[in-house]
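Protein sequence lines correspond, in order, to chains F and B. One point on numbering: in this note's numbering, the residue at position 108 of the first sequence is 144, and numbering is uninterrupted. One point on numbering: in this note's numbering, the residue at position 96 of the second sequence is 98, and numbering is uninterrupted. Note that beta-carbon positions come from the ideal geometry of N, C-alpha and C, so glycine has one too.
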Amino acid sequence: DVVMTQTPVSLSVSLGGQVSISCRSSQSLVHNNGNTYLSWYLQKPGQSPQLLIYKVSNRFSGISDRFSGSGSGTDFTLKISRVEPDDLGVYYCGQGTQYPYTFGAGTKLELK
Amino acid sequence: AVQLVESGGGLVQPKESLKISCAASGFTFSNAAMYWVRQAPGKGLEWVARIRTKPNNYATYYADSVKGRFTISRDDSKSMVYLQMDNLKTEDTAMYYCTAGSGSFDYWGQGVMVTVSS
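Structural data, given as C-alpha cells:
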C-alpha cells in the first residue's frame, strides 16, 4: 500500500499568516496515464471533508486562490496564504493513483 | 447543485449485517465512479470501496479490511449507490461517507453513522 506521510501533525497560525503542509508518499503517484492523483481535503469541525486541490495543483470549483498545491512524484505541498478563520480544521492529503486509495493522517490547523 | 445523501446507518451487533444507501443528484450519475470512505471516531479517513460505471463493467474495488465482507453496488436508474456490510466487526464503527469523483473525492455526503457493539 502507498503510505502517505503528512507533516506537521498540527500547526498554529495567526490570522492573515501563511502556512505550508507537506505530504510525502512511499511510492511515486504518477499513474500509467501520466496523471498524478494527489489531492488535498479540508475537514472543518463537525463537517464532511471537502476537496480543495486535485491532481497536485488544480483548485476545485469555488476554492479560493489562497490555496495552492505543488509537487511531483512523491513530494507534495499545500500552501495557504492570508489565513482566515474559515480555514481552520484538519487537512488531509490523499492519493487516487494506486489501490487501495490512501490518505495522510491529517494536519490540524489552529489559531495561535 | 450536487447532492449526496446517505441513509440506513444505526447500531448493530458484531457479526450482523447492515446496508447503507446514498441518493445522488445534481450530476450525471451513470457517468460517475462512486466511492465509500469511512472515518472512525476521532480518527482519519479510510477509503472503503469503489464502483465504476457501466462502460467499465461496474468493476468494484475494496480495501483489504473489508474485502469479502462488504459489497458496493449501484442502481443507475435510481441514482443510488449502496454498501452491503456483512459480518460486521467492532472496528467497522465509523461515519461512512458516500463520495463521487475521478482520481479524487470531489463531492461528499453528510455521512451516516454505523456503530457495531454488543
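The count of Cβ pairs closer than 8 Å, one atom from the stretch 106–117 of chain F and one from the stretch 49–60 of chain F, reaches three, so the stretches are in contact.
A direct Cα-to-Cα measurement between B:Lys-91 and F:Leu-51 gives close to 43 Å. In the same chain as F:Thr-138, and ignoring 5 residues on each side of it, the C-beta atoms closer than 8 Å to its own belong to Asp-37, Val-38, Val-39, Met-40, Gly-130, Gln-131, in chain order. Separation of F:Ile-89 and F:Arg-102 (C-alpha to C-alpha, rounded to the nearest whole angstrom) is 12 Å.
Membership of B:Leu-13 in the beta strand (DSSP E) is indicated by the continuous run 12–14.
Secondary structure note for B:Asp-77: its beta strand (DSSP E) is the uninterrupted segment 72–77.
Within chain B, no residue has its CB atom less than 9 Å from the CB of F:Pro-44, the nearest being about 15 Å off. For B:Arg-40, the enclosing beta strand (DSSP E) stretches over residues 35–41. For B:Gln-5, no chain F residue has a Cβ inside 7 Å of its Cβ, as the nearest lies near 12 Å away. Secondary structure at B:Phe-29: coil, using DSSP grouped into helix, strand and coil.
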